[in-house]
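Novice: Okay, here's the structure, questions in a sec.
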Amino acid sequence: MPSAAVMLPVQETVPVKSRQIENFKIGSEQKLFGKLEFIGGIEMSSSNLLLGAISSIRFRPDRTSFVAIMDTGHWVEGKIERDGKGRLAGTSDLTVTSMIDFNGRSEQIKERMDSEGVALRDGEVLASYEGLHRVDTYPDPGFAQSRPLATLPILIAPKSLRDNRGLETIAVSPKDSALAGGVVVVSELSFDQAGHIYAAVLDGPRKGVFGVVQKRPFAVTDGAFLPNGDFLVLERRFSFAEGIGMQIRRIKGGDIKPGAAVDGEILLQADMGYQIDNMEGLDVVIQPDGEIRVIVVSDDNHSILERNLMLEFRLVE
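Counting from 48, one number per residue, gives the positions in the sequence shown under the working numbering.
Here it is in structure tokens:
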């Protein structure tokens with residue numbers, strides 16, 4: 048196909064049925080878990096097999112509309128719905144669109160379009176990929192119908208990033224933080240010479256490579272910034288002996304700088320005794336009164352053994 052020609056990508060509306068989740072810990076009315084208070088959640092299902100594989104999610108300033116990304120090379124756009132008590136009740140029908148590569152082609156093979164992270168900044172949507180490790184930028188609005196505008200230098204040598212363990216997380220820091228709006232990427236399980244997880248600030252005053260101390264046996268799956276510049280990291284565990292698990296760690300924004308090895312306080316841990324699955328996406332949503340909500344979503348890998356979950360917590364400072 049000539050590079051000047053771009054065909055409109057395949058787009059589908061996916062109907063979603065949602066079941067509310069009232070308790071995070073199975074069989075318990077407990078609401079407070081570490082420094083996170085469970086607000087509510089939903090389990091999503093659909094007759095359309097496209098639903099699933101959600102790897103990252105970002106909410107718009109209206110706190111209702113969201114952009115998500117699937118590791119199958121698809122954009123997802125939708126809105127959440129709430130009940131009379133303000134708890135998650137469902138989502139409006141989702142729009143799922145095949146991502147377009149630099150050559151104007153959609154529906155690329157997974158090794159080239161394994162999209163794992165998404166972030167929003169002024170006029171742009173950023174997407175991180177593993178397999179062919181990179182960060183692409185798309186115009187906003189119009190990202191779902193556009194090929195990438197550019198590719199950002201990731202600073203980490205691509206040969207240092209492992210297959211299927213590469214750039215899992217991308218997030219934009221607050222403009223008034225120490226990182227001054229810099230874009231941060233974190234790999235899933237690629238290690239530097241000191242044994243820390245590779246990460247980098249791609250631009251801004253603290254541009255450079257740093258490391259994240261691994262909390263074995265967890266792997267990084269997503270992250271988002273708090274208003275004060277601290278960085279929340281979502282991590283996943285899976286083993287045949289212990290099953291699935293998740294944790295959320297808070298890293299001080301001031302600690303993130305070139306050459307650093309950052310660690311932080313664990314805000315929440317959960318295992319198979321809780322309503323979790325393969326938790327892959329996390330975002331921070333600020334309410335009008337300043338209250339901080341944390342929303343996490345799961346990737347069901349298009350498996351009948353896994354679920355599509357969206358869970359919401361309130362950060363208790």
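No residue lacks a Cβ here, since even glycine has one placed at the ideal position from N, Cα and C.
Could you pull out every unbroken alpha helix (DSSP H) segment of at least 4 residues lying fully inside the region 74-160, listed in chain order?
Specialist: Runs of the alpha helix (DSSP H) inside the region 74-160: 157-160.
Novice: Between which two residues does the beta strand (DSSP E) containing Y245 stretch?
Specialist: On the sequence shown, residue 245 is found 198 positions in, with the first residue counted as 1. Per DSSP, Y245 belongs to the beta strand (DSSP E) from I244 to V248.
Novice: Is the beta carbon of I101 sitting closer than 7 Å to the one on V344?
Specialist: Numbered from its first residue, the sequence shown carries residue 101 at position 54. Numbered from its first residue, the sequence shown carries residue 344 at position 297. Taking 7 Å as the Cβ cut-off, I101 and V344 qualify as a contacting pair.
Novice: Which residues bound the beta strand (DSSP E) around M357?
Specialist: To locate residue 357, count along the sequence shown from 1; it is residue 310. Its beta strand (DSSP E) spans residues N355 to L362.
Novice: Name, in chain order, the residues that DSSP records as bridge partners for F272.
Specialist: For this step, residue 272 is matched to residue 225 along the sequence shown. According to DSSP, which records beta bridges pairwise, F272 is partnered with F278.
Novice: Taking its Cβ as the centre, do 16 or more other Cβ atoms sit within 10 Å of F85, making it buried, or is it exposed?
Specialist: Start at 1 with the first residue of the sequence shown, and residue 85 comes out as number 38. Buried, by the Cβ-count rule.
Novice: Does the distance from the CB of L358 to the CB of G88 come in under 7 Å?
Specialist: Start at 1 with the first residue of the sequence shown, and residue 358 comes out as number 311. Start at 1 with the first residue of the sequence shown, and residue 88 comes out as number 41. In this structure, G88 lies closer than 7 Å to L358 by Cβ.
Novice: Go through the region 205-254 residue by residue and report every complete run of the alpha helix (DSSP H) that reaches 4 residues or more, in order.
Specialist: As far as the region 205-254 is concerned, it has no whole alpha helix (DSSP H) run of at least 4 residues.
Novice: For D140 versus P252, is the C-beta spacing smaller than 7 Å?
Specialist: By 1-based counting over the sequence shown, the position of residue 140 is 93. By 1-based counting over the sequence shown, the position of residue 252 is 205. No, the Cβ-Cβ distance between D140 and P252 is not below 7 Å.
Novice: Figure out for me which residue from D223, L167 and D109 has the closest Cα to the Cα of I333.
Specialist: Here residue 333 corresponds to residue number 286 of the sequence shown, with the count starting at 1. Comparing Cα-Cα distances from I333 to each of D223, L167 and D109, the minimum goes to D109.
Novice: How would you write the range of the beta strand (DSSP E) that G292 sits in, first residue to last?
Specialist: In the sequence shown, counting from the first residue as 1, residue 292 sits at position 245. Note, G292: beta strand (DSSP E), G290 to I298.
Novice: Let me check one thing: in DSSP terms, what residues is I339 bridge-paired to?
Specialist: In the sequence shown, counting from the first residue as 1, residue 339 sits at position 292. Answer by DSSP bridge pairing, in chain order: I333.
Novice: Starting from L173, trace the beta strand (DSSP E) both ways and give me its first and last residue.
Specialist: Working through the sequence shown from its first residue, we reach residue 173 at position 126. From DSSP, the beta strand (DSSP E) with L173 extends over E171 to E177.
Novice: If I'm right that G258 touches A241 with Cβ under 8 Å, what's the distance once you round it to whole angstroms?
Specialist: By one-based count along the sequence shown, residue 258 stands at place 211. By one-based count along the sequence shown, residue 241 stands at place 194. Right, their Cβ atoms sit about 6 Å apart.
Novice: Report the partner residues of I303 according to the DSSP bridge assignment.
Specialist: In the sequence shown, residue 303 corresponds to position 256, counting from 1. I303 is not bridged to any residue.
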